[in-house]
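Step one of this worksheet: look at the structure below.
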Amino acid sequence: MTLKLPQIIGHRGSAAYAPENTLEGIRAAADMGIEWVELDVKLTKDDVPIIFHDDTLERTTNGTGAVKDFTLAELKELDAGSWFSEGFYATTIPTLEEALEVLIELDMGLNLEIKPCPGRERETAEIALDVLSQYWDDHDKLLISSFSHVSLEAALEMASDWHRGFLLPEDWPKNWAELAEYLKVSTINLNGNTVSHEDVETALAFGKPILAYTINDEERAQLLQSWGVHGFFSDAPDEIQGAILTVH
Ligand code: G3P
Ligand code: MG
5 MTLKLPQIIG HRGSAAYAPE NTLEGIRAAA DMGIEWVELD VKLTKDDVPI
55 IFHDDTLERT TNGTGAVKDF TLAELKELDA GSWFSEGFYA TTIPTLEEAL
105 EVLIELDMGL NLEIKPCPGR ERETAEIALD VLSQYWDDHD KLLISSFSHV
155 SLEAALEMAS DWHRGFLLPE DWPKNWAELA EYLKVSTINL NGNTVSHEDV
205 ETALAFGKPI LAYTINDEER AQLLQSWGVH GFFSDAPDEI QGAILTVH
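Going by our numbering, the letters in the sequence shown line up with residues 5 to 252, in that order.
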């Protein structure tokens, strides 16, 4: 399976234009002609994979508390849109299943970032991949990534032939290349706003494509591209799209 990586991936859907990690955000990205989105997945208290970024509810819903303490039915009662703008009132937190249905309907690619609540690293990957296996056929258009090496290891064990992306935080672990080798990753995903040219050279020496998060600025995208970065996660993908050179 050859990963058909796009140059632009809508970050959390298209987080500048619709509430992040919602079905509306996926559709907004598709409306802009964006072919792939990045979405974060974690588990509810009753072990349902949902598309959600934070460990807590406050920033992106009208709820309070830790996501891991609520069942899907309780989380579905929340408004996950009004914080973004009134027009998105009553937008709900999607399940992974609901997101996959929309992505398949729109023929989009997916970078699913496993974003486990602390302590749930293995089970989040296992349950999310189990759901994916029931829906997703085209593995040229699917990348599973995580900052959690435990989650990536679970993904490797469950589906070694699915593509994995190694997410590097701002401070790279000293043994990152060793870990990335062990986890047999297809991409290196790094913070494009804090990396130096030298960092990019080091990452390129690993021999896999580099994806940079989260780039909303045309000039930064152009600079990173000149350094050899392959693709960009962007909240405003249309802004970046016009700025970079198209590489086939
Ligand atoms: O996967 C790229 C990017 O989403 C990683 O950071 O915090 O936005 O999930 P974050
Ligand atoms: Mg993410």
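Positions of the beta carbon are idealized from the N, C-alpha and C atoms, including for glycine.
Just so it is clear, the structure is predicted and the values come from calculations on it, not from any experiment.
Counted within 10 angstroms of its Cβ, other Cβ atoms place residue i as buried (16 or more) or exposed
| i | result |
| --- | --- |
| Q11 | buried |
| P241 | buried |
| Q138 | exposed |
| V201 | Just to set this straight, residue 201 is His in the shown sequence, not Val. It is exposed - the Cβ of H201 has fewer than 16 other Cβ atoms within 10 Å. |
| A34 | buried |
| S89 | exposed |
| G91 | exposed |
| S164 | exposed |
| A77 | exposed |
| S230 | exposed |
| V272 | There is simply no residue 272 to check, as the chain begins at 5 and stops at 252 in what is shown. |
| E182 | exposed |
| V251 | exposed |
Own chain, CB closer than 7 Å to residue i, minus 5 neighbours either side, in chain order
| i | result |
| --- | --- |
| V189 | R168, G169, F170 and K212 |
| N25 | R16, G17, L43, D44, I55, F56 and H57 |
| T218 | H15, F237, S238 and D239 |
| V199 | none |
heavy atom of the ligand ATP below 6 Å from residue i C-beta
| i | result |
| --- | --- |
| D73 | This structure does not include the ligand ATP; its bound ligands are the ligand G3P and the ligand MG. |
Where the beta strand (DSSP E) through residue i begins and ends
| i | result |
| --- | --- |
| K46 | W40 to L47 |
| A216 | I214 to Y217 |
| I15 | The question names Ile, but residue 15 is His in the sequence shown. That run of the beta strand (DSSP E) goes I12 to H15. |
| I118 | G113 to I118 |
Alpha carbon of residue i to alpha carbon of residue j, nearest angstrom
| i | j | result |
| --- | --- | --- |
| L194 | A22 | 24 Å |
| A132 | G17 | 18 Å |
| S238 | I38 | 11 Å |
| A207 | E185 | 12 Å |
| Y93 | D58 | 20 Å |
| L9 | W166 | 13 Å |
| A19 | L172 | 21 Å |
| G52 | K80 | Residue 52 is actually Val in this sequence, not Gly. Going from the Cα of V52 to the Cα of K80 covers about 12 Å. |
| A103 | K46 | 13 Å |
Cβ-based neighbour list, residue i, same chain, cut-off 8 Å, excluding 5 preceding and 5 following
| i | result |
| --- | --- |
| S155 | I118, P120, E125, R126, T128 and A129 |
| T99 | V52, P53, I54, I55 and L76 |
| L110 | I30, R31 and A34 |
Same chain, Cβ closer than 6 Å to residue i, neighbours up to 5 away in sequence not counted
| i | result |
| --- | --- |
| L215 | T191, N193 and G235 |
| T60 | A70 |
| E223 | none |
| W140 | L146 |
Beta-carbon spacing of residue i, residue j below 7 Å
| i | j | result |
| --- | --- | --- |
| I148 | L116 | yes |
| G85 | V41 | no |
Span of the alpha helix (DSSP H) around residue i
| i | result |
| --- | --- |
| D155 | The question names Asp, yet the displayed sequence has Ser at residue 155. H153 to M162 is the span of the alpha helix (DSSP H), which, as asked, contains S155. |
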